[in-house]
């Protein structure tokens, strides 16, 4: 012990301590770093079917090898989650190029979507499709609400009713998307949306947010008709039309009584 | 016997309406109490004055009443809310019955508002009545202002009351803003944050005012308690005081009335306050309260539980103020960014300051000055108790519509983000369209409105001179066809001809008798020019002579054809000249279907 103490001022000691620090940090990171909830089925048959689908439906923009092409970005490393989100919401295949891909009718069956996802996932590591227990609610609603207000409400509005972005882009309404799609959107950051990876919002946080949104969707409004949960604009509109309109009708009626 | 009985019962029936008791002084228990009060307060005189007060009746006169009753509703429901509201920024953890907020850190103000909404019986209803009532209060104030402006009710002697009304409108807006800031929810916190930004945009002193108002940095612990005192004590007292002055002046001036037969500048035609008007107006209070309650019971307003508590790190898309502050928010959205610049290391944010700090005082000054400007332009020093029909003042009506357009575009611009998502448009395009519209639309609307007014006046003239097209085709003995026109009766004609068309003021000579430039010549020139602009293309009301002439040559023969009563014609000729202009309108001949109405 004393010999160790005596050598603590040895020129190599600082290097040793640094090394030790790095090893511990690296080891801890490797052990504790959030992992992608992937595990896409690496079935070569599925991948092959997905490749076929890809080449006939997607390659015109994304390139034959999905490395990007005429107007479409490279899909190497976007992961199965991105494919599942884009295709299962009907955004892809893109109906027409515009400011922002719009939701639309879904073009593929669930099986086809998973084949496509498997193919793209095989091109490079990326976020996988989240497991069911993370996307079907059951989390902490109150915590999810707070996280939603901090991270999401500035674009999607306090009740997930959506909001405007610049030049015709917009954050869509969240009331008609599934928990899985919300989770995948957070992981992959489609279009103008930032990526909320697992170090940003842990899988549990994402689960809480999804639970909060599910609650917003299902809870009955204690105050009555919500007017679309869009804030004071529809309220003002209501006051100026129906509200004052009813009073004017009565006033006209009372005024008529005079003559 | 039967004859006598019948006779007696008939006589009794005739006397049934007679008062049974002599009009004695005691007047029963009510009279006794009234007498007791009168002997000690001398109230009888004032009460008699009030109860005999005559109010004219028209639906457009009820906007002020709507505002008054909404104010009463606001005072009642607001008092109820203070029983539970905790005006404190103290931190607390919510553990009430609303699950989605359980365990969330929030201010006591927000927690108590959630408690009112979720746990206090009837609390949410009262909150929603209070908030809806505030919106309707300001809508009715705005409509009342429009009515007063377009009918010229701000003219002498009511200029002061117009200014009191403007103050009431502005303070009501401030009162509303502070009221919806109180719950400290996500939306209102954003509103207060924006307000702090407005204050900071004032050069030099902005920072100091902000620190003074917030008692330190934003948000601090002082702002909610301070706003509470202002909202429930200071501004209500000022509002009620100003409102009392407003209504007292109405009593003093007597209410204005629309032009009509028998209505002059010296009388008021209508019902006395007691009992007819009191019943009507009192009933209208319950209608206003009832409709507000109905809306509040069915439609959510300001769902603070859904907004969640405010944290300075949070904001929601679609953050707008309540509608009455919308035009100021819209101005902020339309002001171009280049108005923010840096001089010598200091930033000047005029893109914010113009819309948020300067605009309201400027607009209110213009509105307050208008009655005096118009009086100067018309040179009219008379009292006016008969209202103008808006078409008879084309320039004023045009200016008013242009102002409403300006306001309306600012107001609409406040909802540009909601329009963008609801109509799938680019928010940038919407904003640019509003910016252009704000500049070019008011003049266009002014011109269109003025032209419409002039056309309506011409239509009125046509109507007075030639009557209504009856749709009845008459064939004369010689085989000639024409459409019979049905002349207006006196009651219909009166409002169409009883107005003043101001002639432009003549420009006095710029020099005095010695050829020296007079003092104020430039002012006179400007006045003459303005007056010319106001009234150059006026339409004069039909004069009795014109009316008579029209009946002679144009329509008279129709009347003869359909009603060959020469005696009537004779009456018409002589009547107008004999009894003078003032009564002439009342006595032109009875025509085809007069008396039907």
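Residue numbers (my numbering), protein chains in the order written: chain H, 273 to 531; chain F, 298 to 894.
Ideal placement from N, C-alpha and C gives every residue a C-beta, glycine not left out.
Where residue i falls: helix, strand or coil (DSSP)
| i | result |
| --- | --- |
| residue 782 of chain F | strand |
| residue 767 of chain F | strand |
| residue 554 of chain F | strand |
| residue 522 of chain H | helix |
| residue 803 of chain F | coil |
| residue 646 of chain F | strand |
| residue 291 of chain H | helix |
| residue 450 of chain F | coil |
| residue 682 of chain F | coil |
| residue 436 of chain H | strand |
| residue 482 of chain F | strand |
| residue 445 of chain F | helix |
| residue 841 of chain F | helix |
| residue 742 of chain F | helix |
| residue 665 of chain F | helix |
| residue 515 of chain H | helix |
Residue of the options minimising C-alpha distance to residue i
| i | options | result |
| --- | --- | --- |
| residue 356 of chain F | F/445, F/346, F/514 | F/445 |
| residue 369 of chain F | F/741, F/509, F/433 | F/433 |
| residue 259 of chain H | H/416, H/441, H/321, H/413 | This structure does not reach residue 259 of chain H, given that chain H is present from 273 up to 531, and the question cannot be answered. |
| residue 649 of chain F | F/707, F/494, F/837 | F/494 |
| residue 526 of chain F | F/632, F/579, F/661, F/382 | F/382 |
| residue 345 of chain H | H/462, H/305, H/501, H/521 | H/462 |
| residue 739 of chain F | F/727, F/700, F/713, F/761 | F/700 |
| residue 458 of chain H | H/438, H/388, H/480 | H/480 |
| residue 448 of chain H | H/465, H/489, H/362 | H/489 |
| residue 724 of chain F | H/517, H/504, H/487, H/443 | H/443 |
| residue 555 of chain F | F/344, F/652, F/524, F/448 | F/448 |
| residue 469 of chain H | H/398, H/516, H/417, H/429 | H/398 |
| residue 589 of chain F | H/525, H/524, H/518 | H/518 |
CB of residue i within 8 Å of CB of residue j, strictly
| i | j | result |
| --- | --- | --- |
| residue 339 of chain H | residue 326 of chain H | no |
| residue 329 of chain F | residue 335 of chain F | no |
| residue 516 of chain F | residue 668 of chain F | no |
| residue 364 of chain F | residue 386 of chain F | no |
| residue 785 of chain F | residue 755 of chain F | no |
| residue 568 of chain F | residue 574 of chain F | yes |
| residue 495 of chain H | residue 597 of chain F | yes |
| residue 365 of chain H | residue 343 of chain H | no |
| residue 379 of chain H | residue 362 of chain H | yes |
| residue 504 of chain H | residue 425 of chain F | no |
| residue 457 of chain F | residue 546 of chain F | yes |
Straight-line gap, residue i to residue j (C-alpha atoms, nearest Å)
| i | j | result |
| --- | --- | --- |
| residue 476 of chain F | residue 423 of chain H | 28 Å |
| residue 359 of chain F | residue 561 of chain F | 21 Å |
| residue 702 of chain F | residue 330 of chain H | 50 Å |
| residue 843 of chain F | residue 794 of chain F | 11 Å |
| residue 514 of chain H | residue 469 of chain F | 22 Å |
| residue 753 of chain F | residue 512 of chain F | 58 Å |
| residue 250 of chain H | residue 277 of chain H | The structure shown does not extend to residue 250 of chain H, since chain H is modelled only from 273 to 531, so the question has no answer here. |
| residue 255 of chain F | residue 743 of chain F | Nothing can be reported for residue 255 of chain F: it is not among the residues displayed for chain F, which extend from 298 to 894. |
| residue 528 of chain H | residue 566 of chain F | 15 Å |
| residue 625 of chain F | residue 827 of chain F | 30 Å |
| residue 559 of chain F | residue 789 of chain F | 12 Å |
| residue 759 of chain F | residue 557 of chain F | 19 Å |
| residue 454 of chain H | residue 482 of chain H | 7 Å |
| residue 391 of chain F | residue 412 of chain F | 9 Å |
| residue 713 of chain F | residue 510 of chain F | 31 Å |
| residue 882 of chain F | residue 762 of chain F | For residue 882 of chain F, the predicted model reports a pLDDT of 43, less than 50, meaning its position is unreliable; a value from the coordinates is still stated below. If you take the alpha carbons of residue 882 of chain F and residue 762 of chain F, they lie about 12 Å apart. |
| residue 662 of chain F | residue 473 of chain F | 21 Å |
| residue 679 of chain F | residue 802 of chain F | 16 Å |
| residue 874 of chain F | residue 532 of chain F | Any reading at residue 874 of chain F is ruled out, since the residue's pLDDT is 34, under 50, leaving its predicted position unreliable. |
| residue 493 of chain H | residue 633 of chain F | 39 Å |
| residue 461 of chain F | residue 410 of chain H | 58 Å |
Within-8 Å CB hit, residue i to chain C
| i | result |
| --- | --- |
| residue 687 of chain F | Considering every chain present, this structure includes no chain C. Its protein chains are H and F. |
* Residues of the region 390 to 404 of chain F with a CB closer than 9 Å to any CB of chain H: list them in chain order, please. => 391, 395, 396, 397, 398, 399, 400, 401, 402
* Note down, in chain order, all residues in the region 585 to 613 of chain F with a beta-carbon under 7 Å from any beta-carbon belonging to chain H. => 585, 588, 592, 594, 595, 596, 597, 598, 600, 603, 604, 605, 610, 611, 612, 613
* Would you list, in chain order, the members of the region 569 to 581 of chain F that have their beta-carbon closer than 7 Å to a beta-carbon of chain H? => 577, 581
* To do: Could you run through the region 700 to 719 of chain F and flag, in chain order, every residue whose CB is less than 7 Å away from some CB of chain H?
  => 712, 714, 715, 717, 718
* **Contact list for the region 410 to 441 of chain H against chain F, Cβ threshold 7 Å** => 413, 414, 417, 418, 421, 422, 425, 426, 427, 428, 429, 430, 431, 434, 435, 436, 438, 439, 440
* Below 7 Å between beta carbons is the criterion; list the residues of the region 352 to 368 of chain F that meet it against any residue of chain H, in chain order. => 354, 355, 356, 359, 363
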